[in-house]
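Okay, so the sequence shown: first residue is 8 according to this note's numbering, each after it adds one. Notes follow the structure.
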Amino acid sequence: MSCYAAVDLGATNTRALVAGPDGDERGRARRSTPQADGATVAAAVVATLETACEAADVAPGDLEAVGVGSIGPLDADAGAVVDPPNVPAERIALVDALCERTDAPVTLENDAVAGIRGERRFTDCPENAVYLTLSTGVGAGVAVDDHVLRGRRGNAAEVGHLTLVPDGRPCGCGGTGHWEAYCSGSGIAAHARDRAAAGHETGLDAGTLDAEAVFEATEPEAVLAAVATGPDGVPGGVEDDPLATRVVADAVRLNARGVAALAHAYAPELVSIGGAVALSNPALVVDPLAGLLDEGGLAVPAPEVRATQLGEDAVLRGALASVLPE
Ligand SMILES: [Zn+2]
Numbered sequence: 008m009s010c011y012a013a014v015d016l017g018a019t020n021t022r023a024l025v026a027g028p029d030g031d032e033r034g035r036a037r038r039s040t041p042q043a044d045g046a047t048v049a050a051a052v053v054a055t056l057e058t059a060c061e062a063a064d065v066a067p068g069d070l071e072a073v074g075v076g077s078i079g080p081l082d083a084d085a086g087a088v089v090d091p092p093n094v095p096a097e098r099i100a101l102v103d104a105l106c107e108r109t110d111a112p113v114t115l116e117n118d119a120v121a122g123i124r125g126e127r128r129f130t131d132c133p134e135n136a137v138y139l140t141l142s143t144g145v146g147a148g149v150a151v152d153d154h155v156l157r158g159r160r161g162n163a164a165e166v167g168h169l170t171l172v173p174d175g176r177p178c179g180c181g182g183t184g185h186w187e188a189y190c191s192g193s194g195i196a197a198h199a200r201d202r203a204a205a206g207h208e209t210g211l212d213a214g215t216l217d218a219e220a221v222f223e224a225t226e227p228e229a230v231l232a233a234v235a236t237g238p239d240g241v242p243g244g245v246e247d248d249p250l251a252t253r254v255v256a257d258a259v260r261l262n263a264r265g266v267a268a269l270a271h272a273y274a275p276e277l278v279s280i281g282g283a284v285a286l287s288n289p290a291l292v293v294d295p296l297a298g299l300l301d302e303g304g305l306a307v308p309a310p311e312v313r314a315t316q317l318g319e320d321a322v323l324r325g326a327l328a329s330v331l332p333e
């Protein structure tokens, strides 16, 4: 029986899936992504795939093909991840490591490009659509006229590094004011810590601030009131944590700005949103977007905006879609 494998290399977790030719799942595995050099990360990816193969009762050498969806930036021609902002590795030679272990053809794509392939293969997806990931980083995969955009070296639509705030916060890539610096899990945490260090009123412990703690300390009603007051306003009568409310409100406001940029650039009918930040907090991260886009006065028809129907498997399913038979 022929088997295909998929790998999702994220900044936080690495997942692998083994499936039959119709995409029917045979086995899977997951482990934390080591915050280490490229060789260590590549070895962890191979080990995750081996565990998934064991669960599927198939030898890695018997796989037909392996699809990988990975954090970027990529040198897709060389099969490597190069200087990722959210993992301290200079170069992760994924394709060589996986080819060596499996002797199968290996396809490497940006994780969000894989995400849009997953939408197209496994959901009801229109021919013009964007998959947006809000996770440790921010990125997009785009289909226009029924065609997935890959771009030079596989880096099309690295929208996390679009400048949304001129001279704004520093981003992990070295730039400033980027979408990712405010709206990714790492950006939300860093933004909160910076505000706490600057003396913004909060009941949260600045030493242990992460995105989860920030979201837990506020409510949609307070956030939407803060969004309505603009970037510098302070809403009255808010009982939630003032710092958390402000940081999440900024993320909501800038997500709407970023999705508007995507709508103007690609004219999608659908923006499907995945990634842990969105999927863990849909009421704050996904639900307000449609209303904010309408208010923002788009020059093109507003796309439908929804959470991905593939949940946390969007990238994994997309990496699988890139190697399954038609
Ligand atoms: Zn950046």
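Even for Gly, the Cβ is constructed at its ideal location relative to N, Cα and C. For clarity, every value in this text was computed on a predicted model and none was experimentally measured.
Near ligand 1: residue i beta-carbon under 7 angstroms from a heavy atom
| i | result |
| --- | --- |
| C190 | no |
| H185 | yes |
| G182 | yes |
| G179 | yes |
| H168 | yes |
Cross-strand partners of residue i (DSSP beta bridge)
| i | result |
| --- | --- |
| S39 | N20 |
| H185 | T170 |
| H154 | V151 |
| G146 | T140 |
| A12 | V25, V73 |
| L115 | V75 |
| S279 | Y138, R313 |
| R98 | V89 |
| G34 | V25 |
| P289 | Bridge partners of P289: none, in fact. |
| L81 | V88 |
| P177 | T183 |
Local Cβ density within 10 Å of residue i, reported as buried at 16 or more and exposed below that
| i | result |
| --- | --- |
| G318 | exposed |
| G214 | exposed |
| S77 | buried |
| P249 | buried |
| G45 | buried |
| R127 | buried |
| D110 | exposed |
| H185 | buried |
| A51 | buried |
| H198 | buried |
| H271 | exposed |
| G237 | exposed |
| D29 | exposed |
| P95 | exposed |
| P332 | exposed |
| R260 | buried |
| D320 | buried |
| E226 | buried |
| A164 | buried |
| G304 | exposed |
| R159 | exposed |
Contact under 8 angstroms by Cβ, residue i with residue j
| i | j | result |
| --- | --- | --- |
| P337 | C190 | This structure cannot speak to residue 337, because the chain is shown only from 8 to 333. |
| A136 | A119 | no |
| V166 | L269 | yes |
| T58 | A36 | yes |
| A49 | A100 | yes |
| A233 | D217 | no |
| L296 | A263 | yes |
| L211 | A13 | no |
| L105 | C10 | no |
| V330 | T114 | yes |
| V322 | G125 | yes |
| Y138 | S279 | yes |
| S142 | G265 | no |
| A285 | A314 | yes |
| A150 | E134 | yes |
| S140 | G282 | The sequence shown places Thr at residue 140, not Ser. Contact flag set, yes. |
| P67 | L81 | no |
| A251 | A224 | yes |
| G175 | T183 | yes |
| A188 | P177 | yes |
| V1 | V25 | The chain is shown from 8 up to 333; residue 1 falls before or after that span and cannot be answered. |
| R33 | A63 | yes |
| E116 | G86 | no |
| V221 | V254 | yes |
Residue i at chain B interface by Cβ criterion, 8 angstroms
| i | result |
| --- | --- |
| R260 | Annotation note: the requested chain B is absent from the structure, which comprises a single protein chain. |
Three CB pairs or more closer than 8 angstroms across the stretch 199-209 and the stretch 307-324:
no
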